[in-house]
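In the working numbering, the protein residues as written are 247 to 468. Presented below is the structure to which this report refers.
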Amino acid sequence: MKIVVIILLLCIGACGAVGFGIYYFGKQAVESVASEVEQTTGEGGNMDNPLGALSALGGMANDLQGMQETLENMEAVEPLAFQTIIDEVLPEPPPTWTAKDPRGSSQSMGDFKYTQASREYASADGAKTVTVTVADWAFNRAIYMPFLLAANFSQETTEGYNKGIKVGEDPGREEFTYASNRGKRSVLYGKRFNVEIDGRGIEPTDLEEWYGLVRKSNLPTP
247 MKIVVIILLL
257 CIGACGAVGF
267 GIYYFGKQAV
277 ESVASEVEQT
287 TGEGGNMDNP
297 LGALSALGGM
307 ANDLQGMQET
317 LENMEAVEPL
327 AFQTIIDEVL
337 PEPPPTWTAK
347 DPRGSSQSMG
357 DFKYTQASRE
367 YASADGAKTV
377 TVTVADWAFN
387 RAIYMPFLLA
397 ANFSQETTEG
407 YNKGIKVGED
417 PGREEFTYAS
427 NRGKRSVLYG
437 KRFNVEIDGR
447 GIEPTDLEEW
457 YGLVRKSNLP
467 TP
């Protein structure tokens with residue numbers, strides 16, 4: 247179990263510069279896989295079920311190999327200007343909703359370039375708030391591994407869930423806490439754009455609805 251967790255933590259560290267959101271998804275993957283392996287080995291890592299543990303580790307190795315092959319085929323491109331994302335991709339507020347001024351940013355370090363834009367929306371009574379963020383990862387490999395790992399693990403409890411999802415062919419991650427009605431969906435659209443919906447006072451169906459409002463057809467795809 248320790249070996250798996252160390253590998254995942256190294257992957258998470260590789261993308262720390264691009265924001266807490268990616269780190270958080272990677273952290274969830276670490277906790278999920280640690281829990282899975284612990285269930286097969288027994289509390290404290292005792293080898294009560296060594297075959298089950300080997301199976302879990304073998305599955306992880308296969309996933310890592312597949313992800314590595316995917317990443318090797320990516321060539322970094324120039325990211326979209328964040329103003330383009332603001333003007334053409336972020337949704338307009340639905341009827342009865344209001345929106346704050348959008349925000350955008352860009353980062354670069356050598357060949358590593360990254361842009362994102364976000365906007366916060368609120369229902370008329372203020373009971374619901376949603377923040378939509380669209381980030382252009384521009385096929386920079388260092389960002390992808392923690393996200394792709396997190397999209398392979400799921401956990402559900404009486405308090406809520408965090409799970410890997412697929413929207414069409416696009417991998418993603420969704421989480422929801424029932425007590426606070428707080429939820430987040432993050433989808434890697436077209437293998438390039440991280441589209442994130444973060445809501446408070448919402449229902450799980452709102453995550454799907456807001457994802458549909460993002461003008462994704464204006465984004466370039468491979």
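We treat Cβ as the ideally placed atom computed from N, Cα and C, and that holds for glycine. All figures in this text were calculated on a predicted structure; none of them were measured in a lab.
Query: 3 or more residues per run - each beta strand (DSSP E) lying fully within the segment 392–459; Result: 406–413, 416–423, 428–435, 439–446
Query: Per DSSP, the bridge partner or partners of S364; Result: R349, T379
Query: Alpha carbon of K359 to alpha carbon of Y424, nearest angstrom; Result: 37 Å
Query: With 16 other Cβ atoms within 10 Å as the buried cut-off, status of M355; Result: exposed
Query: Cα-Cα separation, A275 to A381; Result: Because the pLDDT of A275 is 45, which lies under 50, any placement of that residue in the model is unreliable, and the number read from its coordinates should be weighed accordingly. C-alpha separation (whole angstroms): 21 Å.
Query: Simplified DSSP state of T342, which is helix, strand or coil; Result: coil
Query: Opposing strand residues paired with K374 [DSSP bridges]; Result: According to DSSP, which records beta bridges pairwise, K374 is partnered with nothing at all.
Query: Residue range of the alpha helix (DSSP H) that includes E334; Result: 328–334
Query: Test item: CB-CB of T361 and S369 under 7 Å; Result: no
Query: Coil, strand or helix - S463 by DSSP; Result: helix
Query: 8 Å contact criterion, which S364 and P341 should meet: CB distance rounded; Result: Contact doesn't hold; Cβ gap of about 21 Å is too wide.
Query: Spatial distance of M320 from L326 (CA atoms); Result: 17 Å
Query: Same chain only: Cβ atoms within 7 Å of G434, ignoring 5 sequence neighbours per side; Result: Note on residue identity: the sequence assigns Leu, not Gly, to residue 434. The residues are F393, D416, P417, G418, N440.
Query: Rounded distance between the beta-carbons of G410 and A396, thought under 8 Å; Result: 7 Å
Query: Status (buried if at least 16 other CB within 10 Å, exposed otherwise) for E318; Result: exposed
Query: Bridge partner(s) assigned by DSSP for F358; Result: M355
Query: Simplified DSSP state of E318, which is helix, strand or coil; Result: helix
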